[in-house]
RNA sequence: GCUCCCAUCGUCUAGAGGCCUAGGACACAGCCCUCUCAAGGCUGGUACGAGGGUUCGAAUCCCUCUGGGAGCGCCA
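In our numbering, the protein residues as written are 5 to 469.
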């Protein structure tokens with residue numbers, strides 16, 4: 005049997021972290037087994053679905069690299085097919101028209117609640133099929149009245165639902181539009197989905213869907229219900245937690261690999277391993293290793309994982325994202341900018357690319373001003389001579405490499421009986437404007453001789469003022 | 001209210017009856033390294049929700065409770 009998974013978001017809100025994790029597991033499972041990953045947009049709610057939200061989903065998936073083999077399919081374009089199935093079921097007696105008014109339904113519900121019962125449609129229109137004056141009917145699926153449905157879930161194990169707990173759900177609204185649970189069934193059937201991997205908030209929908217699938221004459225696919233992802237405070241994920249859309253993580257300077265790695269570790273594990281490349285995840289992922297309990301997002305750990313990926317990925321792969329971040333800060337990055345060297349110098353001191361960009365500004369622009377505290381400590385009348393000696397020594401270097409620069413600075417320190425820091429810190433402030441930068445030799449090597457000398461000159465002037 | 005799901009350090013997790021005086025990771029603290037900041041290394045504290053069983057033996061199996069969550073819509 006060929007493996008076919010699908011990610012089926014509805015474009016009503018934003019593509020958030022929970023949705024991405026679901027998409028990732030579907031994608032991983034398909035890739036792992038050489039199967040097919042389908043993207044399906046569930047936009048049957050015409051009131052709340054928006055083209056913008058669809059675009060956010062598409063953009064997000066693309067940024068993450070979760071490429072679909074089939075789709076995107078849009079449910080809104082499949083209405084003829086849904087009608088066809090409904091007509092067929094009506095003809096076969098698997099579905100029926102219901103003429104109950106919303107008021108009638110509401111009264112039924114409140115009465116049941118008052119009796120401490122679970123609110124459910126009692127099926128009164130099942131055998132009462134005569135039209136009612138002025139009422140456009142809905143269509144309901146005739147759910148089995150007794151027996152049980154067993155969901156043999158890949159992560160939860162066997163879950164039993166009694167059919168009496170279920171009711172005859174509406175599959176076509178009075179306005180003629182099909183409803184969610186029904187569309188899912190027709191789509192999963194038509195698209196030959198073999199594994200339905202989704203959030204466990206859908207576990208309760210599953211028996212209904214299985215009953216409908218059986219009405220279509222097929223055995224249901226394998227189901228795997230993933231535990232929920234919660235906000236850092238352990239409550240349901242919401243805008244309040246800042247994670248509006250996946251693209252927000254790009255803006256904040258996270259790598260797709262890192263975000264995916266982090267998300268994979270929420271609910272899934274492979275022994276003690278924390279860092280996974282996409283290829284490793286693909287090779288190792290298995291639904292059997294998914295756990296059942298909800299998990300809270302931990303921003304600190306996400307940041308740590310992001311840095312781990314920054315430190316492992318080839319700089320050439322990171323460079324375009326750093327360039328983007330720099331440009332967002334209004335920094336003019338030339339075509340020939342030494343981005344890869346900057347990445348190598350900065351990545352072990354940056355959690356995100358946004359941080360890295362901010363800390364790297366001085367590589368592209370001379371500092372506009374010196375950080376007050378650093379200047380007062382390191383650009384003074386006492387340090388001016390050190391700066392002058394350093395400048396002279398650096399100017400004489402025959403080759404401009406980190407090793408040569410290091411040698412020169414070390415020699416100066418030794419000659420003056422100073423610690424390396426006494427020489428390096430003033431230079432650091434001179435070239436970067438502050439007291440934090442990568443190792444001074446590496447920093448100057450990237451900066452180039454011209455910029456270095458120019459900035460030291462300016463700093464000497466400042467120190468002597 | 002009813003149905004269903006879940007339950008190991010603050011957080012993410014390992015653990016599928018003895019390997020557990022419960023391991024790893026993030027975060028936190030201390031130390032080491034050190035030209036700054038980091039990265040890295042070492043050390044430390046903190047967890048099996050409660051109560052009953054089953055068993056020679058339970059974090060692991062069963063039951064009850066408690067706590068959290070989801071669903072019960074002409075939303076998805």
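All C-beta atoms, glycine included, are put in the ideal place defined by N, C-alpha and C.
Assigned exposure category for residue i - 16 Cβ within 10 Å defines buried
i           : result
residue 79  : buried
residue 360 : buried
residue 277 : exposed
residue 225 : buried
residue 265 : buried
residue 310 : buried
residue 353 : exposed
residue 358 : buried
residue 429 : buried
residue 340 : exposed
residue 6   : exposed
residue 315 : exposed
Among the options, nearest to residue i - alpha-carbon criterion
i           : options               : result
residue 151 : 411, 289 and 171      : 171
residue 399 : 264, 90 and 457       : 457
residue 179 : 142, 209 and 430      : 142
residue 4   : 426, 393, 442 and 423 : This structure does not reach residue 4, given that the chain is present from 5 up to 469, and the question cannot be answered.
residue 100 : 62, 177 and 44        : 177
residue 345 : 310, 431, 449 and 408 : 449
residue 16  : 368, 322, 312 and 48  : 48
residue 262 : 251, 275, 281 and 252 : 281
residue 440 : 387, 362, 316 and 466 : 362
residue 425 : 390, 404 and 403      : 390
residue 146 : 140, 175, 136 and 137 : 175
residue 189 : 210, 39 and 324       : 210
residue 46  : 57, 71, 33 and 13     : 13
Presumed contact (8 Å Cβ cut-off) between residue i and residue j, rounded CB distance
i           : j           : result
residue 249 : residue 22  : Their Cβ separation, rounded to whole angstroms, is 12 Å, which puts residue 249 and residue 22 out of contact at 8 Å.
residue 41  : residue 73  : 5 Å
residue 195 : residue 36  : In fact, because the Cβ distance is near 19 Å, the residues do not count as touching under 8 Å.
residue 271 : residue 231 : 5 Å
residue 254 : residue 67  : 6 Å
residue 444 : residue 432 : 6 Å
residue 60  : residue 109 : The pair is not a contact, with the Cβ atoms about 35 Å apart (cut-off 8 Å).
residue 193 : residue 222 : 6 Å
Residue interval of the beta strand (DSSP E) (run including residue i)
i           : result
residue 165 : 161–166
residue 78  : 74–78
residue 525 : Nothing can be reported for residue 525: it is not among the residues displayed for the chain, which extend from 5 to 469.
residue 184 : No beta strand (DSSP E) contains residue 184, which is instead part of the alpha helix (DSSP H) from 184–194.
residue 99  : 99–102
Span separating the alpha-carbon of residue i from that of residue j
i           : j           : result
residue 229 : residue 376 : 56 Å
residue 219 : residue 86  : 14 Å
residue 134 : residue 227 : 39 Å
residue 348 : residue 75  : 39 Å
residue 83  : residue 93  : 15 Å
residue 105 : residue 167 : 24 Å
residue 234 : residue 330 : 32 Å
residue 464 : residue 379 : 11 Å
residue 293 : residue 355 : 29 Å
residue 55  : residue 437 : 46 Å
residue 307 : residue 217 : 43 Å
residue 468 : residue 24  : 57 Å
residue 242 : residue 332 : 27 Å
residue 159 : residue 69  : 26 Å
residue 328 : residue 304 : 23 Å
residue 320 : residue 350 : 14 Å
residue 214 : residue 124 : 18 Å
residue 102 : residue 162 : 33 Å
residue 396 : residue 435 : 15 Å
residue 153 : residue 52  : 32 Å
residue 8   : residue 197 : 5 Å
residue 401 : residue 394 : 11 Å
residue 367 : residue 384 : 23 Å
residue 164 : residue 287 : 33 Å
residue 298 : residue 273 : 14 Å
residue 131 : residue 144 : 12 Å
residue 372 : residue 447 : 18 Å
residue 116 : residue 97  : 27 Å
residue 507 : residue 459 : What is shown of the chain runs 5 to 469, which leaves residue 507 out entirely.
residue 203 : residue 413 : 59 Å
Span of the alpha helix (DSSP H), counted from its first residue to its last, around residue i
i           : result
residue 294 : Per DSSP, residue 294 belongs to no alpha helix (DSSP H) and is neither H nor E.
residue 110 : 106–118
residue 382 : 376–382
residue 276 : No alpha helix (DSSP H) contains residue 276, which DSSP labels as neither H nor E.
residue 64  : 55–68
residue 29  : 21–36
Check: residue i C-beta below 8 Å from any heavy atom of the ligand COA
i         : result
residue 9 : Absent from the structure shown: the ligand COA. Ligands present: none.
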